[in-house]
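Add 11 to a position in the sequence shown, counting from 1, and you land on the number used in this note's numbering.
So the structure is just underneath, and the comments pick up after that.
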Amino acid sequence: MRTLIAANWKMFKTRAEAQQTARDLVSLLQNDWPQERDVLLFAPFTALAATAEAVADSPVAVGAQDVYPAAEGAFTGEVSPGMILDCGASWVLAGHSERRHILGESPAFVGRKAAFALESGLSVMLCIGETLEEREADKLEIVLRTQLEQAVRGLSAEACLKGLAIAYEPVWAIGTGKVASEADILEAHAMVRNILGVILGSTAGSLPILYGGSVKPENASAILALDNVNGLLVGGASLRAESFSKIIRA
Ligand code: PEP
12 MRTLIAANWK MFKTRAEAQQ TARDLVSLLQ NDWPQERDVL LFAPFTALAA
62 TAEAVADSPV AVGAQDVYPA AEGAFTGEVS PGMILDCGAS WVLAGHSERR
112 HILGESPAFV GRKAAFALES GLSVMLCIGE TLEEREADKL EIVLRTQLEQ
162 AVRGLSAEAC LKGLAIAYEP VWAIGTGKVA SEADILEAHA MVRNILGVIL
212 GSTAGSLPIL YGGSVKPENA SAILALDNVN GLLVGGASLR AESFSKIIRA
C-alpha cells in the first residue's frame, strides 16, 4: 500500500499564504519526489481553489476540511461536495476531532457526510479517536467501534476501496505536543483494522489507516514504521513547507 502524508492547515492561511506554502512544498519535493508517498493538503475553504491551482502541475492532491451532506439547498454557511470538486479539490476530511468536540458533530452526522461525499465522487478521510477521559475509562475500543460503525456500515466495499481512508487521531494528542506511544499506536491501529474487518470483510486490509497527533519531522519515521500505519495526518507541523517536506521524506 502507498503511504499517504496529509496536511491539515485548519483555520490558518489566507489565499496568498496557502499558495506560497503549496508552491514552496512542490519546489522542495519536485527534483526528488519521494517514492511510494502520496501528498495531500487539507486547506481552508477560502483557500481551496488557490491551493489547488498552486499544485495543479504536481502530484499533490488537495482536500477540504469539512463538507455538508447535500447537493445544494437552504443550508446557510455550508459547502457541498460539488462546490469542493469545483474548486479543484478531490478529498474531504470527515469527523475531525475539532468538529466532533468543539462543534458537536455526532458519529451519525459524520457518517452521513462521509457517505454523501463518497457518493458524490470525493475521497474521504474519516477521522476517529478517543478523548483522554474515554481512554482512561477503558473505552478506547467502544469509541473507535461506534465512530467506525456509524460511518462505514452503510458503505459498499467498492466505495470504500475507491475513496476511503481512516485517520486515527487520539484527541489528547492533537495540537498538544503529546504523541501517543508506539504501543498505543500499534494497539489502536490493530483495533481499527479488526473493527473494519468485522464491518467490511477482506476489504479492510486495503484501506489506509493514518496516524495523527503531534507528528513532527523528528518522530515521523518511527511512527511510519509501525504495523498498520499507512500514513500520517499532520496539523501544526504541516503549516511550513520545510517541516512538512521533512515529514514527507521521513
Ligand atoms: C490534526 O489537526 O489533525 C493534527 C493531528 O494536529 P497536530 O499535528 O497539530 O497535532
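Heads up, the beta-carbon is just placed ideally off N, CA and C, and yes, glycines get one too.
(message) I'd like to know whether the C-beta of alanine 82 is nearer than 7 Å to at least one C-beta of chain B.
(response) Considering every chain present, this structure includes no chain B. It has just one protein chain.
(message) Taking the straight line between their C-alpha atoms, what separation do you get for aspartate 88 and methionine 94?
(response) Checking the displayed sequence, the identity of residue 88 turns out to be glycine instead of aspartate. Using only the alpha carbons, I get a separation of about 12 Å.
(message) If you measure between the beta carbons of isoleucine 220 and histidine 200, is that distance less than 7 Å?
(response) yes
(message) What does DSSP give as the partner residue(s) for alanine 75 in the beta ladder?
(response) Val103
(message) Short of 7 Å in beta carbon distance, which residues of its chain neighbour serine 131, apart from the five on each side in sequence? Order them along the chain.
(response) Pro92, Gly93
(message) Could you compute how far the alpha carbon of glutamate 141 sits from the alpha carbon of leucine 218?
(response) 20 Å
(request) Using a threshold of 7 Å, state whether the C-beta atoms of glutamine 76 and proline 118 are closer than that. (result) no
(request) Flag valine 90 as yes when its Cβ comes closer than 6 Å to any non-hydrogen atom of ligand 1, and as no otherwise. (result) no
(request) Would you list the one or two residues that DSSP bridges to glycine 208? (result) Paired residues: none, contrary to the question.
(message) Can you find the residues in the same chain that come closer than 7 Å, C-beta to C-beta, to alanine 82, ignoring five residues on each side of it along the sequence?
(response) Ser91, Gly93
(request) Flag asparagine 19 as yes when its Cβ comes closer than 6 Å to any non-hydrogen atom of ligand 1, and as no otherwise. (result) yes
(request) Can you tell me which of the three DSSP states glycine 165 falls into? (result) coil
(request) Could you tell me if the beta carbon of isoleucine 234 falls within a distance shorter than 6 Å of some heavy atom in ligand 1? (result) no
(request) List the residues that DSSP assigns as beta-bridge partners of asparagine 19. (result) Phe53
(message) If I measure Cβ to Cβ from alanine 65 and keep anything under 6 Å in the same chain, skipping five residues before and after, which residues do I get?
(response) Gln30, Ala33, Arg34
(request) Taking 7 Å as the cut-off, decide whether the C-beta atoms of cysteine 138 and glutamate 180 are in contact. (result) yes
(request) Ignore the nearest five residues each way along the sequence and tell me which others in valine 37's own chain have a CB closer than 7 Å to its CB. (result) Val66, Ser69, Val71
(message) If the criterion is Cβ atoms closer than 7 Å, does the pair serine 232 and alanine 261 meet it?
(response) yes
(request) Identify whether serine 91 lies in helix, strand or coil by the three-state DSSP scheme. (result) coil
(message) So, with DSSP's three-state summary, where would you put cysteine 171?
(response) helix
(message) When you compare the stretch 144-157 with the stretch 224-238, are there three or more beta-carbon pairs, one atom per stretch, that lie closer than 8 Å?
(response) no
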